[in-house]
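Protein chains in written order, with the numbering used here: chain A, 186 to 510; chain B, 26 to 410.
Backbone N, C-alpha and C define an ideal beta-carbon position, used for all residues, glycine too.
The block underneath contains the structure these notes are about, expressed in structure tokens.
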């Protein structure tokens, strides 16, 4: 029994964390939003947004789970779950989960991947190179040029979401039967990990804010009502995180409880993100309710991801079936 | 990461399981299949028999050194034992305040002579310890306590009143804090004392808890002489000595995950017997997930303790606050769900109703959850005092 990550896994996480800290600040996330009032606040040019993706590729973060030929490391969820958490913390405006966690293990290395496994509204579809789509009991890859992509305006402007349609023939079959479920579970896990990262980001932002912001002559973070709200947020986050890490282990070892554990992770991470997000917004007061301030970038991503890949209710139901309730 | 048990740990679990099964049946049979609550006079005596059975076969204090009646079990084995203990439906430990709260403090601060005098008799359930922290005017604000210790030849004289003392009316000894420096305030000038309840000047009055059992007591001390070796740790340093104990109480030693996993299993059985619609189903699933998450959180904590080489890491101390928030609110939720499933039957004075009333004490004892939230916010999040 050892419920902890290896030195190597933590080391890689730290490297990705440092990279995203430098290269994917809120200005970069905002740079991925459409211009206009909704994208107000400091924003980076498109080139910087693109650069983050290349830098992640350069350091090998996108090829962790690619089969171990060529650039691939052939590693599993325990090796990428912490990276997914970091991409959540940064609200990375690129399809890390879809590309590195879902498609790569299927041997798909064709640029940015978006997939309808996440739901009918496909995140990061607008800039995808390749689509990974359900067709019957199989997953097929379709080049972006061969699909019909209808962009939609999502609340999270950096989500670059679209509805995607492709023909009933063509494309390449990359998974069938149980492997489709495995791919789905990897996406669920990656998304749950991102929600944990997003929750951590929102909590960190809020803690920093309430320590600084003064009312009645004292920092608002000294008020018990604020303390207790944020303590509850911390509790939610602290107990969702191990559920996510356990699911990474269950998928890595293809345990019989894989589906149950993955769904538990997503249900808890989605619930935690909702609780933490609500506390973050409330404890910020009016400043949090603007688009100039950074909180909304993370809050809106957390809403999107909580609803994608099955929401908390859907996954709770799946857990229920698994435990005979 | 490896979330499987070794073959040695599996063997340990199997040994515990079969011992518990056999001996629980024997104990219950000896009482005609109807054991009373451990918080009643009659039930307490019955539970002591059970405690002595545990001790005889070295299951009373598995994590203690063999010299004091334990098995030198690792924290992992201790967790497994707890899981099996509650899975088997074994009763609450009436010795818990000694073995889980006082003992870690004695191991850490006791002199060799104190350890030899106190621990074996505690393990054997010969000395029965209750906790003397709270006073009528010092609950959450423990540092405002006024019970005092006055220096005399070769010892101390204790005066004051302690209350909410769990099973105090049935115990033989009390551990508690007294103000030893009359000029001191708050956390300073307190000393940790070990007091026999049969000492001259001690009066114990039991009274009913919410469920009506005589599980509470108040303890009056008037001119009670105790010798020098009744002091645990340094004179006037009682606060830091006591904090080691409250850390255990809030942390995993008092309320291991096994307890809530067992309650959850019973809740799922209850659901299967009667069902209860989609809203109730969500509550049951949620309860299962929260209990499971507590288990996972604990596995991570124990891994950190095992690899950090110390059970006293600073961060573990404050983390015990979120731990306590989680299990105490989980316990309430599980029982509330059970009552919802029982519907009109829930008014009957049965095991779920009893369990519910006990669960309601969780957010209050061991430092109220309001205090825990404040600790978590200040020490883990770094919010200003």
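Item	Value
Members of the segment 352-369 of chain B near chain A, C-beta cut-off 8 Å	none
Residue 162 of chain B versus residue 186 of chain B: straight-line alpha-carbon distance, rounded	10 Å
Residue 402 of chain A classed as buried or exposed, judged by whether at least 16 other C-beta atoms fall within 10 angstroms	exposed
Residue 306 of chain A beta carbon less than 8 Å from that of residue 348 of chain A	yes
Cβ-Cβ distance between residue 253 of chain B and residue 205 of chain B below 8 Å	no
Residue 335 of chain A in three-state terms, based on DSSP	strand
Top-ranked residue by Cα proximity to residue 397 of chain B, from A:370, A:316, A:420, A:189	A:420
Neighbour-count burial assignment, residue 254 of chain A, 16 or more Cβ in a 10 Å radius	exposed
Whole-angstrom distance between residue 219 of chain B and residue 255 of chain B, CA atom to CA atom	5 Å
Partner residues on chain A for residue 324 of chain B, Cβ-Cβ distance less than 8 Å	186, 188, 427
Chain-ordered chain B contacts of residue 413 of chain A [CB-CB under 8 Å]	395, 398, 399, 402
Alpha helix (DSSP H) segments (min. 4 residues) lying fully within the segment 360-390 of chain B	376-384
CB contact check: residue 178 of chain B to chain A, cutoff 8 Å	no
Per-residue DSSP class, three states only, for residue 335 of chain B	With a pLDDT of only 48 at residue 335 of chain B, under the threshold of 50, the placement of this residue in the model should not be trusted, and no figure is reported.
Whole-angstrom distance between residue 85 of chain B and residue 149 of chain B, CA atom to CA atom	8 Å
Neighbourhood of residue 87 of chain B by C-beta, 7 Å cutoff - its chain only, sequence neighbours within 5 removed	95, 96, 98, 102, 103, 106
CA nearest to the CA of residue 376 of chain A, picked from A:260, A:217, A:284	A:284
Neighbour flag for residue 420 of chain A against chain B, beta carbons, 8 Å	yes
Cutoff 6 Å; reference residue 386 of chain A; Cβ partners in own chain excluding five residues on either side	274, 483
Span separating the alpha-carbon of residue 371 of chain B from that of residue 364 of chain B	5 Å
Straight-line Cα distance separating residue 27 of chain B from residue 333 of chain B	18 Å
8 Å Cβ cut-off: residues of chain B touching residue 510 of chain A	293, 296, 297, 306, 309, 310, 313
Chain A within 8 Å of residue 347 of chain B, Cβ atoms only	yes
Coarse secondary structure for residue 178 of chain B, derived from DSSP in three states	coil
Meets three-Cβ-pair contact criterion under 8 Å: the segment 455-463 of chain A and the segment 421-428 of chain A	yes
Cutoff 8 Å: residue 401 of chain A Cβ touching any chain B Cβ	no
Residue 193 of chain B - DSSP class collapsed to helix/strand/coil	coil
Check whether residue 246 of chain A and residue 258 of chain A have beta carbons under 8 Å apart	no
Reduced DSSP secondary structure (H/G/I, E/B, other) of residue 212 of chain B	coil
Min CB distance residue 318 of chain B to chain A below 8 Å	yes
Residue range of the beta strand (DSSP E) that includes residue 243 of chain B	241-252
Residue 340 of chain B at chain A interface by Cβ criterion, 8 Å	At residue 340 of chain B, the pLDDT of 42 sits below 50, so the modelled position is not reliable; the number obtained from the coordinates is stated separately. Judged by the 8 Å Cβ criterion, residue 340 of chain B is not in contact with chain A.
Separation of residue 348 of chain B from residue 164 of chain B, as counted between CA atoms	21 Å
Inter-residue Cα distance where the pair is residue 442 of chain A and residue 510 of chain A	15 Å
Cβ neighbour criterion (16 or more within 10 Å) applied to residue 207 of chain A	exposed
Beta-bridge pairing of residue 173 of chain B - partner residues as DSSP gives them	B:184, B:204
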